[in-house]
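For the sequence shown, position 160 (counting from the first letter as 1) is numbered 176 according to this note's numbering, and the numbering increases by one without interruption. Even for Gly, the Cβ is constructed at its ideal location relative to N, Cα and C.
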Amino acid sequence: MWALVINPSSGSGKGLRVGRNVKEFLVEHSLEHEIIAGDCTSSVRRNLSSFLVKHPDCSGVFSVGGDGTAHEVMQVTTPLKVPLAVIPAGSGNDLVRALGWPLDDVSDYLDKIISTPCTSIDLGYAQGQWFGAVLSTGFDSLVNERANRLSWPRGVMKYNAAIAIELPRFRPRHYEIRLDEQVISTGAMLIAVANGSSYGSGMLVCPEATMMDGYFDVMILHPVSKWEFLKVFPRVFKGSHITHPAVQIVRSKTVRISADAVAYADGERLGPLPVSARCVPDAMRTWVA
């Protein structure tokens, strides 16, 4: 028995189309399944929890949507050790990128899910929530705050518009960062606590991060001029920004960040700092390319 969670509005409607394809795949392979629906994220969580209580032998849960959808579903599946298959249908899909699967043709992915055993990956845990990709604070969190208030444009362009609005008024904050073996007290423009390598639709903020080593890669962007920031920022899509002298990356199993700022994880708002996070080895069962 499988559970199928579909976010029909993700990816400007891509979730509905991909969700139908996954359902057709399950039907074609004569796999018993149930679609888990709800009128809000809390009701989807509640309905999925009820389903898994009734079906403790559930083979796994398909999450069709973006990173936000997967973030909600993993809050239910992770404590129960139920395998989670993240099917890309959102605007970001960074968790799927970290797992190594293509974003367009998911046929090989679906075949592997039903034919091979799953494996385990690390997750981050912060403020009572699991996260798969990146926890961040600083400029990008302010951009997220702004983007969430914009009704237009949509998709990636919304994020670009939010950058244009926030950058002129942005000022670096002072952060206290407590790691396993050191405390860093510094001004910073952005801090990313990476379990996966990317966020924000493929920005390789910590290109060497892996989800199977029991550590976060913590990226600190120390203050630079706005002009320098605009020069460095595009390099994040190739991961080449890590050679810039203002970029510092430290590996740690635990992180506590204090400042007058807010934090996001997997694109979802965690709330004001301070925030404490720990990397939990083998927390989530899934399929890796």
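- Taking a C-beta distance under 9 Å as the contact criterion, residue 87 and residue 255 do not qualify as a contact pair.
- A check of alpha carbon separations from residue 78 across 102, 216, 200 and 190 identifies 102 as the nearest.
- By the CB criterion at 9 Å, residue 293 and residue 232 fall inside the cutoff.
- Excluding sequence positions up to five before and after residue 32, its CB lies within less than 6 Å of the CB of 24, all in the same chain and listed in chain order.
- Contact between residue 148 and residue 111 holds: CB atoms are separated by about 5 Å, below the 8 Å threshold.
- Excluding residues up to 5 positions away in sequence, 210, 211, 212, 213 and 233 lie with their Cβ nearer than 7 Å to the Cβ of residue 225 in the same chain.
- Excluding its 5 nearest sequence neighbours in each direction, residue 182 has C-beta neighbours in its own chain below 6 Å: 158, 159 and 162, listed in chain order.
- Here the segment 234-242 lies against the segment 260-271, with 3 or more beta-carbon pairs under 8 Å apart.
- Straight through space, the alpha carbons of residue 196 and residue 297 are spaced by roughly 16 Å.
- Cβ-Cβ distances below 7 Å link residue 30 to 105 in the same chain, with the five nearest sequence neighbours on each side left out; the list follows chain order.
- Residue 216 sits away from residue 287, with the two beta carbons spaced by 9 Å or more.
- Secondary-structure assignment with DSSP links residue 189 through a beta bridge to 204.
- At a Cβ-Cβ threshold of 9 Å, residue 274 and residue 192 count as neighbours.
- Only buried fits residue 76, as 16 or more other CB atoms lie within 10 angstroms of its CB.
- Annotation: the continuous beta strand (DSSP E) that includes residue 234 extends over 232-237.
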